[in-house]
Amino acid sequence: MADHHPTGIKRWLFTTNHKDIGSMYLWFSFIMFLIGGAMAMVIRAELYQPGLQFVEPNFFNSMTTMHGLIMVFGAVMPSMVGLANWLIPMQIGAPDMALPRMNNWSFWILPFAFTLLLSSLFMDGGAPNFGWTFYAPLSTTYGPPSTDFFILGVHMMGISSIMGAINVIVTVFNMRAPGMTLMKMPLFVWTWVITAFLLIMVMPVLAGAVTMMLTDRHFGTDFFNAAGGGDPVMFQHIFWFFGHPEVYIMILPAFGVASEIIAAFARKKLFGYSSMVYATASIALLSFIVWAHHMFTVGMPIAGELFFMIATMLIAVPTGVKVFNWVATMWQGSMTFETPMLFSIAFVILFTIGGFSGVMLAMAPVDFQYHDTYFVVAHFHYVLFPGAIFGTTAAVYYWLPKWTGKMYNEKLGKIHFWWSMIAVNLTFFPMHFSGLAGMPRRIPDYNMMFAAFNQLASIGAFALGLSQLFFLFIIIKAIRSGKKAEDKPWEGATGLEWDALPCPAPYHTFDTPPQVK
Amino acid sequence: MSTENQEKYEKYYVPEQSPWPIIGAIGLFLLAYGGANFIQQTTGKYNNDGSMGWIIFSVGLAVIIYMMWSWWRDTIRESMNGLYSAQMDRSFRQGMLWFISSEVMFFAAFFGALLYARQLIVPWLGGEGNNAMTHALLYPDFIPQWPLTTTPAGETTTAMGAFGLPAINTAILLTSSWTLTIAHHALKDGNRSALLNYTAITALLGIIFLGLQAYEYYEAYHHMGLTLGSGIYGSTFFMLTGFHGFHVTIGTIFLIVMSVRCASGHFTKENHFAYEAGAWYWHFVDVVWLFLFIFVYIV
Ligand SMILES: [Cu+2]
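As they're listed, the protein sequences go chains S and Y.
Just so you know, my numbering puts 259 at position 276 of the first sequence, and the rest follows in order with no gaps.
Just so you know, my numbering puts 240 at position 234 of the second sequence, and the rest follows in order with no gaps.
Structure (structure tokens):
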């Protein structure tokens, strides 16, 4: 088949091509990343010094809420789906995703869902202001009118991710080229198939939670109302049954990315491939029985606190296996430090810091001190920014030649890396200290004693925001005027997408399946 | 490459471009935006005046129905033209199974709420565990019991018994699973008249089930004082049975469409994915009902 592709706007609106859909997902997530980032800038500007400077407290609350929702559902998750779309079919030798039209539907729901969510900023009473966790009764009894639009927006996002997950899982189980056995699959494919499983299991539970919210708000049900025999704490249980697996949904694909890139630039086989697969699966399974570690202070029987504490700490074991394997892969490798590798190494180190603070938070007795402080904010931003987002960034640098046929400018890439590396730590490391000292999260004002840490964090945040615009500049420059990429730009890269396909990959790949040895 | 591989992979068909996905996305947007406005305008909680809500919602619904109709029409045409392979058939099957799994988890959320309320909330509100003060200070007159016919705030209702309509409905759904299995076997044996008859009987049983459930709801609202607002008992009762009823409705429509397609000779012994998907869906709805019958009505 000739490598023709449809032209004009219809190419994008009606497409069934996994590469087009992958690109749309990636660009969409980057736009959301900038919007959510702009909200973070508002938050950090307000927190630059104590007292109220720029925004009303209610608007501040809307900003923290929308920042969280947009980053989780609009930036991180779609970016991972974008990578899955581009890479999984090429990595397993399939011509496309298994259900290409549904794939397009999954994508196109998102811009509409986020239009709905963002429109709430302009509604009477303001955007949702109860935090991205939307605890009842803040979101039920006290939620602004825009809450209903938020609820239905979440339903749309849920439909999109469930369909995306079904597509990934079916593609992996049914579309592999002959010889591509499960234990030969690149680790990125493995981590994504496990992520897809998590999505199918927990997104419907989120849908259930927001549905109960909707009926509590408007149709007189009492799910989260003690006077009717319900319980606001039950909301937290249902939400975190979704919420904890959700954090692995955001990080597992980044694990896969790091595993591939580190092996490529260490010019070695990944150390402990099968243990990586089993560790990922154990993390996923354990993630279903740890949710109440977010609720240690809410009031739980002591047996419950103990169970969730111990179960949570168990997750450190498979996670430790992964970190060990990444380090062991680098051990005695002939390493070079191109931009994707730099981001991946930073990923390993900084994600581990976030993992350690996670173990601290998992200890029920000490969590009473950390709960709802900036320590928690520091913890999850360490796993999300230098974790999930550095992972995606590394992936973009690494696979850009495969996608576009162009190389980025290595020097600019390295500047981007060091800039983000310093800024991310400057932003989030001081939050550990202000949090340990007791600074509460989600409050626009604070005690004078936290001023220095907050100023550092704000300066870091502005630098971090700018570094993302610089990233955009590097990518656009690469696409427009980058050096033409060789078919195999990375000496140590392995996998079908590098060995069996040119750079850029043609519009249609693997119309006949490659033979995998 | 072996011939088996060619058989398995070479006929893979990446479907043509299609306008339906994005039309579906627009439909969902209208449904959601109109739905939120519609709800606010109906319940009048906020002064969301104007009456565009239900219009936008209806347009969204129409777009979605049109989209589904056309998308499936295209798919069926392609399938009848022999564009699909065994591999695509497997993709559809696996996709359907994972979709049903996600539905199971949706119901799990509501069953979880029911069990949490019964096993934890109600005893705790009654002072169990370390909750003596909750009981003494907030609701000293509250008597923990299930079904919760008197809420902590003092609202009363009556519980729905298990052995009347619900037991009949259980029998109906179980029978319908059986008739559907007969129909499915008839399809595999190439017995067209049995296939048609038993599929139609199954759909008819679905309609009878829905009729009886509507009657049950009518009784609950008008004679038993049992409503969606009757505390956590009413909430869990109506949300669980309501979502189940909604799924029975979808399943019944599915079966009716399958009856029509059987009559038009769309299915062969070997090639009848859509029929099996409908059957799986029906059995799933049936199993959910069994759990409902046990946990909502009996226990
Ligand atoms: Cu968690």
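Where a beta carbon is used, it is the ideal one built from N, C-alpha and C, also for glycine.
Keep in mind the model is a prediction, meaning the values are calculated, not measured.
Fill in: Check: H362/S C-beta below 7 angstroms from any heavy atom of ligand 2
Judged by which ligands are present, ligand 2 is missing from the structure shown, whose ligands are ligand 1.
Discussion item. Between V273/S and ligand 1, is there a pair consisting of the residue's CB and a ligand heavy atom that are separated by less than 7 angstroms?
Written reply: Looking up residue 273/S in the first sequence gives position 290. Result yes, Cβ under 7 angstroms from ligand 1.
Discussion item. Any contact between the region 471 to 480 of chain S and the region 34 to 43 of chain Y? By contact I mean 3 or more CB pairs, one from each, below 8 angstroms.
Written reply: no
Worksheet item: Measuring CB to CB, does F98/Y end up less than 8 angstroms from F279/Y?
Response: Start at 1 with the first residue of the second sequence, and residue 98/Y comes out as number 92. Start at 1 with the first residue of the second sequence, and residue 279/Y comes out as number 273. Against a cut-off of 8 angstroms, the Cβ pair of F279/Y and F98/Y comes out as a contact.
Item to complete: Taking only heavy atoms of ligand 1 into account, decide whether any of them is closer than 7 angstroms to the Cβ of H277/S.
Response: Here residue 277/S refers to the residue found at position 294 when the first sequence is read from its first residue. Answer for H277/S: yes, Cβ within range of ligand 1.
Worksheet entry | Proximal chain S residues relative to E22/Y, where beta-carbon distance stays under 8 angstroms | What you label residue 22/Y is simply residue 16 of the second sequence in a count that begins at 1. The answer, in chain order, is T(-1).
Worksheet item: So what's M(-16)/S in DSSP terms, helix, strand or just coil?
Response: Working through the first sequence from its first residue, we reach residue -16/S at position 1. Confidence at M(-16)/S is low in this model, with a pLDDT of 43, below 50, so the placement of that residue is unreliable and no value is reported for it.
Item to complete: Taking only the alpha-carbon atoms, compute the straight-line gap between S8/Y and A247/S and give it to the nearest angstrom.
Response: Here the question's residue 8/Y lines up with position 2 in the second sequence. Here the question's residue 247/S lines up with position 264 in the first sequence. Here the model assigns S8/Y a pLDDT of 39, short of 50, so the residue's position is not dependable, and the following value carries that caveat. Taking the CA atoms as reference points, S8/Y sits about 32 angstroms from A247/S.
Worksheet item: How many angstroms separate the CA atom of F351/S from the CA atom of F113/S?
Response: The sequence position of residue 351/S within the first sequence is 368, counting from 1. The sequence position of residue 113/S within the first sequence is 130, counting from 1. In a straight line, the C-alpha of F351/S is about 21 angstroms away from that of F113/S.
Item to complete: Answer yes or no: does any C-beta atom of chain Y fall closer than 8 angstroms to that of A190/S?
Response: As a working mapping, residue 190/S is identified with position 207 in the first sequence. Cβ-Cβ to chain Y under 8 angstroms: yes for A190/S.
Fill in: Cut-off 6 angstroms between Cβ atoms - residues of its own chain near P150/Y, not counting five sequence neighbours on either side
Working through the second sequence from its first residue, we reach residue 150/Y at position 144. For P150/Y, where only same-chain residues beyond five positions count, the Cβ hits under 6 angstroms are V128, P129, G132.
Worksheet item: So, helix, strand or coil for T356/S, using DSSP?
Response: Taking the first sequence and counting its residues from 1, the one referred to as residue 356/S is at position 373. Three-state DSSP puts T356/S in a strand.
Worksheet item: Since Q23/Y and T124/S are thought to touch, with beta carbons under 8 angstroms apart, how far apart are those beta carbons, to the nearest angstrom?
Response: Start at 1 with the first residue of the second sequence, and residue 23/Y comes out as number 17. Start at 1 with the first residue of the first sequence, and residue 124/S comes out as number 141. Between T124/S and Q23/Y the Cβ distance is about 47 angstroms, and since that is not below 8 angstroms, they are no contact.
Worksheet item: Which class does T194/S belong to by DSSP, given the choice of helix, strand or coil?
Response: Position 211 of the first sequence, counted from the start, is the residue given in the question as residue 194/S. Looking at T194/S - three-state DSSP - the assignment turns out to be helix.
Discussion item. Distance check for H220/S and R159/S, CA to CA, integer angstroms please.
Written reply: By 1-based counting over the first sequence, the position of residue 159/S is 176. By 1-based counting over the first sequence, the position of residue 220/S is 237. So the alpha carbons of these two residues sit roughly 38 angstroms apart.
Discussion item. Does T306/Y come out as helix, strand or coil in the three-state DSSP assignment?
Written reply: What the structure shows of chain Y is the stretch from 7 to 305, and residue 306/Y is not part of that stretch, so it cannot be assessed.
Discussion item. I'd like to know if the region 224 to 238 of chain Y and the region 156 to 169 of chain Y are in contact, where contact means that at least 3 CB-CB pairs between them fall below 8 angstroms.
Written reply: yes
Fill in: Three-state class that DSSP yields for T(-10)/S in the structure shown
Taking the first sequence and counting its residues from 1, the one referred to as residue -10/S is at position 7. T(-10)/S: coil per DSSP, three-state reduction.
Worksheet entry | Cα-Cα separation between V349/S and M195/S, rounded to whole angstroms | Sequence index remark: in the first sequence, residue 349/S carries index 366 (1-based). Sequence index remark: in the first sequence, residue 195/S carries index 212 (1-based). C-alpha separation (whole angstroms): 33 angstroms.
Worksheet entry | From W(-5)/S, F454/S, S6/S, residue whose alpha carbon lies closest to that of I28/Y | What you label residue 28/Y is simply residue 22 of the second sequence in a count that begins at 1. Among W(-5)/S, F454/S, S6/S, the Cα nearest to that of I28/Y is on W(-5)/S.
Worksheet entry | Beta bridge counterpart(s) of P423/S as assigned by DSSP | By one-based count along the first sequence, residue 423/S stands at place 440. Looking at the DSSP assignment, P423/S forms a beta bridge with T356/S.
Practice prompt. Might you give, ordered along the chain, the residues of its own chain that have their beta carbon closer than 6 angstroms to the beta carbon of W288/Y, omitting 5 neighbours on each side?
Written response: Sequence index remark: in the second sequence, residue 288/Y carries index 282 (1-based). Correct list, in chain order: L186, G257.
Discussion item. Helix, strand or coil, according to DSSP, for M139/Y in the structure here?
Written reply: Counting from 1 along the second sequence, the entry for residue 139/Y is found at position 133. Looking at M139/Y - three-state DSSP - the assignment turns out to be helix.
Worksheet item: Looking only at C-alpha atoms, which of Q74/S, T263/S, W274/S sits nearest to W223/S?
Response: Taking the first sequence and counting its residues from 1, the one referred to as residue 223/S is at position 240. Ranking the options by Cα distance to W223/S, first place goes to W274/S.
Practice prompt. My understanding is that L246/Y touches L120/Y, with C-beta atoms under 8 angstroms, so please give their C-beta distance in whole angstroms.
Written response: For the purposes of this step, residue 246/Y is taken as the residue at position 240 of the second sequence. For the purposes of this step, residue 120/Y is taken as the residue at position 114 of the second sequence. Yes, they are in contact, since the Cβ atoms of L246/Y and L120/Y sit about 7 angstroms apart, within 8 angstroms.
Practice prompt. With 7 angstroms as the limit, tell me which residues of the region 425 to 438 of chain S have their beta carbon closer than that to any beta carbon of chain Y; keep them in chain order.
Written response: none
Worksheet item: When the Cβ atoms of the region 73 to 87 of chain S are set against those of the region 136 to 155 of chain S, are three or more pairs found closer than 8 angstroms?
Response: Per the Cβ contact rule, the region 73 to 87 of chain S is in contact with the region 136 to 155 of chain S (3 or more Cβ pairs under 8 angstroms).
Item to complete: Could you check the C-alpha separation between P72/S and P487/S for me, to the nearest Å?
Response: If you number the first sequence from 1, residue 72/S lands on position 89. If you number the first sequence from 1, residue 487/S lands on position 504. Rounded to the nearest whole angstrom, the C-alpha separation of P72/S and P487/S is 15 angstroms.
Fill in: Cβ-Cβ distance between P485/S and M390/S below 8 angstroms
Indexing the first sequence from 1 puts residue 485/S at position 502. Indexing the first sequence from 1 puts residue 390/S at position 407. Taking 8 angstroms as the Cβ cut-off, P485/S and M390/S do not qualify as a contacting pair.
Worksheet item: Under 7 angstroms from any heavy atom of ligand 1, does the C-beta of H141/Y make it?
Response: One-based indexing of the second sequence puts residue 141/Y at position 135. Because no heavy atom of ligand 1 lies under 7 angstroms away, the Cβ of H141/Y does not count as near it: no.
Worksheet entry | CA-to-CA distance, V59/S to A434/S, given in whole angstroms | Sequence index remark: in the first sequence, residue 434/S carries index 451 (1-based). Sequence index remark: in the first sequence, residue 59/S carries index 76 (1-based). Near 30 angstroms, if we compare the C-alpha coordinates of V59/S and A434/S.
Practice prompt. In angstroms with no decimal places, state the Cα-to-Cα distance between A190/S and G141/S.
Written response: Against the first sequence, residue 190/S aligns to sequence position 207. Against the first sequence, residue 141/S aligns to sequence position 158. Approximately 7 angstroms, taken between the alpha carbons.
Worksheet item: From the beta carbon of I14/S, is the nearest beta carbon of chain Y less than 8 angstroms away?
Response: Counting from one through the first sequence, the residue named residue 14/S turns up at place 31. Answer no: the Cβ-Cβ gap between I14/S and chain Y never drops below 8 angstroms.
Worksheet item: Could you give the residue range of the alpha helix (DSSP H) that holds M324/S?
Response: Walking along the first sequence from the start, residue 324/S turns up at place 341. Unbroken alpha helix (DSSP H) run through M324/S: 322 to 345.
Worksheet item: Measuring CB to CB, does E243/S end up less than 8 angstroms from P169/S?
Response: Residue mapping note: residue 243/S aligns to position 260 of the first sequence, counting from 1. Residue mapping note: residue 169/S aligns to position 186 of the first sequence, counting from 1. Yes, the pair counts as a contact, with Cβ atoms nearer than the cut-off.
Discussion item. Using a Cβ-Cβ cutoff of less than 6 angstroms, which residues in the same chain neighbour Q46/Y once the five nearest sequence positions on both sides are dropped?
Written reply: Taking the second sequence and counting its residues from 1, the one referred to as residue 46/Y is at position 40. Excluding five sequence positions before and after Q46/Y, the CB atoms of its chain that fall closer than 6 angstroms to its own CB belong to Y52, N54, given in chain order.
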